[in-house]
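The structure appears below as structure tokens.
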């Protein structure tokens, strides 16, 4: 009886050699471990392939070593495009999980967008190389003239204070502060947000958002408003809980932070891990509607001035119904009403009348009646004696015939006052 090994399909023809795909799928892959030995002392000319499909992506041109104790090495990989372009890939197990020393091949699993980052720029262009040479020379001049450390790349504010915005622009065109520091073999201004961990990214995002508060003078004095949200600085402001998107970061020259976020899985994943809200105008508006009642009430009053609302309530003193808001495509306001306690509570807080139609039997429920009486009493200008059962004349002036009816079916003002534990008022009705 013939015994076959698992995966064996019969003898090969004489002289046949195992195919590359079979070797690639076999046991020759080895895991790359953080802190462990590299697969070889020189990774130059090693090929780079996708870990999932084995598709060849390019080859390693060089390994850029970081300054001692700072970050991880970077692979300068030539991508097989026409013309070819280069990408920097961190040599870390999360991104380069396997290697094959026999095939001289690295297997990469880059987060979404990493290989497309800075796709318009090629690291192999001669003008890029010339710019790096120019940067090295100018940075040495700056260090000698200002007494700085020639082995440390100055930060943006330092370069601009020295009148060398041209150097800062060159740094940004070459990929940002940390990338340039790594390629020049000098230390960045501060330890890079890693290559990169969540705590470092959180610190960088916090500092970035803090830098977007703008001082403005207004009728009430000097206040700080945020560039992204337009809100004033208050505890729990939405602006303190955002994760800026790539457009915002790029507009402020923070390609380094874009790179860090993409290396950690992309903006949505990082936002979820940091418990932050990924910035968009729509997201900011939604969160302010839900959490900032002053902002919500302003949006509601603007909606009440729309023709659809004025046709139903020309005096603009009644909160629109749910149907009206939805017909106006303002489902966001309808959802926010629920977050702020419902239509009756919103009307009370805004000093408006409610359009809420109560269900059949609503006033037969004692708890509903007492809640409505307390709500009316707390908002009544005449009520200065605590919670008391309102006078009928007071209810009629306020247009609350429904509440008057509810009091009557529960035995009148005296009976309801006893339920409230307060006074029913002894003045004559008028």
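Numbering (the UniProt record's numbering), first residue to last: 1 to 430. Backbone N, C-alpha and C define an ideal beta-carbon position, used for all residues, glycine too.
Does the separation of the CB atoms of residue 319 and residue 354 fall below 7 Å?
Yes.
Going by the beta-carbon positions, is the gap between residue 289 and residue 296 smaller than 7 Å?
For residue 289 and residue 296, yes; Cβs fall inside 7 Å.
If I follow the unbroken beta strand (DSSP E) through residue 50, where does it start and stop?
Unbroken beta strand (DSSP E) run through residue 50: 47 to 50.
Ends of the alpha helix (DSSP H) at residue 205?
Run containing residue 205: 198 to 210, per the alpha helix (DSSP H) assignment.
Can we count residue 236 as close to the ligand FAD, meaning its CB is less than 6 Å from some heavy atom?
Although the ligand FAD was asked about, the structure shown includes no ligands whatsoever.
Rounded to whole angstroms, what is the Cα-Cα separation between residue 74 and residue 264?
One C-alpha to the other measures close to 15 Å.
DSSP state of residue 409, grouped into three classes?
If DSSP states are grouped into helix, strand and coil, residue 409 belongs with the helices.
Select from 54, 199, 397, 395 the residue whose C-alpha is nearest the C-alpha of residue 109.
Of the listed residues, the one whose Cα sits closest to residue 109 is 54.
Got a sec? Which residues, its chain only, sit under 8 Å from residue 44 by beta carbon, not counting five neighbours each side?
Same-chain partners within the cutoff: 60, 61, 62, 63.
With DSSP as the reference, label residue 259 as helix, strand or coil.
Three-state DSSP puts residue 259 in a helix.
Taking three-plus beta-carbon pairs below 8 Å as touching, is the region 219 to 234 in contact with the region 252 to 269?
No, they do not touch.
From residue 150 to residue 301, what does the alpha carbon distance come to, in whole angstroms?
Near 60 Å, if we compare the C-alpha coordinates of residue 301 and residue 150.
For residue 416, is the classification buried or exposed, using 16 other Cβ atoms within 10 angstroms of its Cβ as the cut-off for buried?
Counting Cβ neighbours within 10 Å, residue 416 comes out buried, since at least 16 surround it.
Hey, would you say residue 334 sits closer than 7 Å to residue 325, going by beta carbons?
Yes. Within cutoff.
Please report how far the alpha carbon of residue 276 lies from the alpha carbon of residue 102, in whole angstroms.
Approximately 44 Å, taken between the alpha carbons.
So, helix, strand or coil for residue 151, using DSSP?
Three-state result, residue 151: coil.
Assuming residue 214 and residue 227 form a contact by the criterion Cβ under 8 Å, report the distance between their Cβ atoms to the nearest whole angstrom.
With a Cβ gap of about 6 Å, residue 214 and residue 227 count as contacting.
Leaving out the 5 sequence neighbours to the left and right, which residues in its chain are closer than 8 Å to residue 134 when beta-carbon positions are compared?
So the qualifying residues of the chain are 170.
Note down, one range per segment and in chain order, each alpha helix (DSSP H) of at least 4 residues found wholly within the region 273 to 343.
With a minimum length of 4 residues, the continuous alpha helix (DSSP H) runs that stay inside the region 273 to 343 are 281 to 291, 293 to 304, 307 to 312, 322 to 327, 331 to 339.
Provide the residue(s) that pair with residue 85 in DSSP beta bridges, ordered along the chain.
Paired residues: 79.
What's the C-alpha gap between residue 236 and residue 243?
Roughly 15 Å separates the two Cα atoms.
Pick from 268, 274, 97, 285: whose alpha carbon is nearest that of residue 331?
Ranking the options by Cα distance to residue 331, first place goes to 285.
DSSP on residue 33, reduced to helix/strand/coil?
Residue 33 falls in the coil class under three-state DSSP.
Specify the secondary structure class of residue 94 as computed by DSSP and reduced to three states.
Correct three-state label for residue 94: coil.
By Cβ distance below 7 Å, which residues in the same chain neighbour residue 152 in space, the five residues on each side in sequence not counted?
Contacts found: 186, 187, 189.
Which of the three DSSP states is assigned to residue 384 in this structure?
Note that residue 384 has pLDDT 43, beneath the 50 cutoff, so the model's placement of it is unreliable and no number is given.
When you compare only the Cα positions, how much space is there between residue 201 and residue 271?
Whole-angstrom Cα-Cα distance: 11 Å.
Kindly indicate which residue of 80, 239, 155 has the alpha-carbon position closest to the one of residue 176.
Per the Cα distances, 155.
Give me the Cα-Cα distance between residue 280 and residue 229, rounded to the nearest whole angstrom.
Cα-Cα distance, rounded: 10 Å.
Work out the CA separation of residue 208 and residue 224 for me, nearest whole Å.
Cα-Cα distance, rounded: 16 Å.
If you run the structure through DSSP and keep just helix, strand and coil, what is residue 60?
Note: residue 60 maps to strand in three-state DSSP.
Name the DSSP bridge partner or partners of residue 223?
216.
Using DSSP with H/G/I as helix, E/B as strand and the rest coil, what is residue 135?
Note: residue 135 maps to helix in three-state DSSP.
Could you give the distance in angstroms between the alpha-carbon of residue 174 and the alpha-carbon of residue 282?
The alpha-carbon atoms of residue 174 and residue 282 are separated by roughly 33 Å.
Use the C-beta contact count for residue 206: other C-beta atoms within 10 angstroms, 16 or more gives buried, fewer gives exposed.
Its Cβ having fewer than 16 others within 10 Å, residue 206 is exposed.
Take residue 412 and list the residues in its own chain whose beta-carbon comes closer than 8 Å to its own, dropping the five residues that flank it on each side.
Nothing listed; no residue qualifies.
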